[in-house]
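Be aware that the sequence shown starts at 28, since it is given in my numbering, and climbs by one per residue.
Just so it is clear, CB atoms sit at the ideal spot from N, CA and C, and this is done for glycine as well.
Being a predicted model, the structure only gives us computed values, none of them experimental.
Remarks on the structure that follows.
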Amino acid sequence: MEKLLRKTENLTPVAPEALAAYLRHGEALLEQVNQTLLDRTDLPQLLGGNPQQMMFDNHRYHFDFMANVFEFQAYDMLVRMVPWVYRAYMSHGFSADYFLVELEAWVDALRGCLAEEAGSVVNIYEFLLQNHDLFLELAKPYPESGAQSRDDDSDEAVFYRHLLDGDFKECFRLSRNLLERSGSLDRLYLEIIQPAMYRIGRDWETGRISVAKEHLASAIVMRLLASIYPLLNPPPTLKGKVVITAAPNEFHEIGAWMVANALELDGWKTVFLGANTPRTDLLNLVQSEQPKVLALSIAMPFNLRHVKKILHGVKNLPCDQRPRTLVGGQVFRLSDRLQQTLGADGYADNCAAARNLLQQWWDGA
Ligand code: B12
């Protein structure tokens, strides 16, 4: 990975006009790439027997992702994501050659649709093609974790196995016991539920569990977040109001929900909106609720551009209605550039760090 990260230092930024052309021609590019793949007689082998829809979805995700890479010039995010893409799709049967064929199809489509603006964009695709073998190397499957085995009797491993079994009652029992013993919601969230959900994600990524099993685990965790929290008797509101939401098109809401619960327990008045809140509605709500802080959660790189627009909208609000902005979520672990480029007032890596940062803001306010 270090080698690839160093190589990205020589990549030239994609000019704003080239990004605009890429976005303008998006549908034509996608149609051409899809058609090139559909014309191949070896397509069933390239897709490993998967439905063509999976390939169409991949091309659209790819396009949205690359637009964000170009906008934020986040080539570190690019090289950290590509091994994930290779691993996830190959675990589900796609062949390694699929990526070479697909990337070549993008280069042809870009040269055809973007004409002279294509240069800097094509360079990035050529970088991906030249480094295919390194990406393949980095996409090797994860080693077995051992948490599936009954030998590992740590709370986190036991919780994870109950999640895999779809056993809400056992997950609840374990969580309540742990809270009674430690009295710490941070411990339950950060040492038990969060790592167990990261494992569930890797299991889905590597094809060990189905989408249905992953949904079951998410549903259990959401039932837990709703049912365990009231046991802690939330205190009266002593501090300001915080609006917390996942970004537009962001369906990962569990992390933001943890942040909301942790802040509410710390005396903040929280307005938690859940997943996928549209930008205009969110900005209207900020104006009517007038919170001290707007907190945004982002897991998927393709949602960064939406957040940039929201932050821009907040900056344009009249001074007396402008909340401080806080961002967090897994996307920030993919690139060092994002926090700075997005320009939010703060970032926190988890719910405990969010609480500490807001306390500093409250004390300083
Ligand atoms: C559950 C889940 C889903 C569920 C979400 C259900 C729900 N109601 O939330 C569903 C099925 C909707 C889903 C969909 C998808 N998912 Co998903 N999902 C997950 C999974 C397994 C768990 C997420 C989770 O709850 N984690 C636990 C929480 C507690 O952790 P967290 O989000 O990091 O939050 C903590 C911190 O980041 C931070 N934080 C979070 N938000 C905020 C906000 C602020 C303001 C602050 C300060 C801090 C903060 O504090 C939190 C608590 O400490 C993850 C695996 C993983 N690694 O998390 C994959 C994962 C995130 N998903 C993934 C993918 C690819 C997808 C899909 C694209 C799949 C698909 N092909 O459709 C879609 C994308 C949909 C979309 N547009 O958003 C990938 C992302 C890969 C990547 N690097 O980009 C992951 C990593 C799985 C994997 N290993 O491959 N997913």
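Quick one: grab the DSSP three-state call for residue 169. coil
Is any non-hydrogen atom of the ligand B12 found closer than 8 Å to the C-beta of residue 397, if you look at the structure I gave you? Shown here, the chain extends from 28 to 392; a query on residue 397 therefore has no answer.
Return the CA-CA distance between residue 330 and residue 28, expressed in angstroms with no decimal places. So the alpha carbons of these two residues sit roughly 24 Å apart.
Considering only heavy atoms of the ligand B12, does any lie closer than 8 Å to the CB of residue 278? yes
When we look at the beta-carbon of residue 278 and count the other beta-carbons within 10 Å, is it buried (16 or more) or exposed? exposed
Simplified DSSP state of residue 162, which is helix, strand or coil: helix
Which residues in the same chain have their Cβ closer than 7 Å to the Cβ of residue 336, if we skip the five residues on either side of it in sequence? Only 306 meet the Cβ criterion.
Counting only the same chain and skipping the five closest in sequence on each side, list residues whose C-beta sits under 6 Å from that of residue 291. 261, 297
Can you give me the C-alpha to C-alpha distance between residue 357 and residue 190, rounded to a whole angstrom? 21 Å
Just to confirm my understanding: we take residue 109, look at its own chain, exclude 5 residues before and 5 after, and list those with CB closer than 6 Å. What are they? So the list reads 162, once near-sequence residues are dropped.
Pick out whichever of 111, 302, 323 has its Cα sitting closest to the Cα of residue 92. 111
Only counting the same chain, and skipping five residues up and downstream in sequence, which positions put a Cβ closer than 7 Å to that of residue 169? Excluding the 5 residues flanking it on each side, residue 169 has same chain C-beta neighbours closer than 7 Å at 229, 233, in chain order.
The ligand B12 heavy atoms versus the CB of residue 47: any closer than 8 Å? no
Enumerate in chain order the residues of its own chain whose CB-to-CB distance from residue 265 is below 6 Å, with the five nearest sequence positions on each side excluded. 294
Tell me which residue opens and which closes the alpha helix (DSSP H) that residue 228 is part of. 221-232
Inter-residue Cα distance where the pair is residue 243 and residue 43: 42 Å
Pick helix, strand or coil for residue 68, following the three-state DSSP scheme. Of the three classes helix, strand and coil, the one that applies to residue 68 here is coil, per DSSP.
On a CA-only basis, which of 302, 270, 238, 267 is nearest residue 397? Give me that one, please. Nothing can be reported for residue 397: it is not among the residues displayed for the chain, which extend from 28 to 392.
Tell me, which residues are paired with residue 299 by DSSP? 271
Between which two residues does the beta strand (DSSP E) holding residue 188 run? Element bounds for residue 188: not the beta strand (DSSP E) but the alpha helix (DSSP H), 182-192.
Identify which residue in 312, 213, 345, 343 has its Cα closest to the Cα of residue 282. 213
Does the separation of the CB atoms of residue 59 and residue 140 fall below 9 Å? Contact: yes.
Residues that DSSP places opposite residue 324 in a beta bridge: 273, 355
Are there any heavy atoms of the ligand B12 lying less than 8 Å away from the beta-carbon of residue 221, as far as the coordinates show? The beta carbon of residue 221 sits closer than 8 Å to at least one heavy atom of the ligand B12.
Would residue 8 and residue 50 qualify as a contact pair, given that the criterion is a beta-carbon distance under 9 Å? Since the displayed the chain opens at 28 and closes at 392, residue 8 lies outside it and no answer follows.
Assigned secondary structure, residue 146 (DSSP; H/G/I helix, E/B strand, else coil): Three-state DSSP puts residue 146 in a helix.
Thinking just about the alpha-carbon of each residue, which of 205, 263, 198 is nearest to the one in residue 245? For the residues 205, 263, 198, the minimum Cα distance to residue 245 belongs to 198.
Comparing the CB of residue 379 with every heavy atom of the ligand B12, is any distance shorter than 8 Å? yes
Is the Cβ-Cβ distance between residue 135 and residue 73 less than 9 Å? Result no, Cβ atoms of residue 135 and residue 73 do not sit closer than 9 Å.
Where do the ends of the alpha helix (DSSP H) carrying residue 28 lie? No alpha helix (DSSP H) contains residue 28, which DSSP labels as neither H nor E.
First and last residue of the alpha helix (DSSP H) that includes residue 248? 238-255
How long is the line joining the alpha carbons of residue 209 and residue 321, rounded to whole angstroms? 31 Å
May I ask whether a heavy atom of the ligand B12 can be found less than 8 Å away from the beta carbon of residue 372? no
Note down, in chain order, each residue of its chain lying with its Cβ closer than 6 Å to the Cβ of residue 354, except the 5 sequence neighbours on either side. Shown here for residue 354: same chain residues with a beta carbon closer than 6 Å to its own, the five before and five after excluded, namely 323, 371, 374 in chain order.
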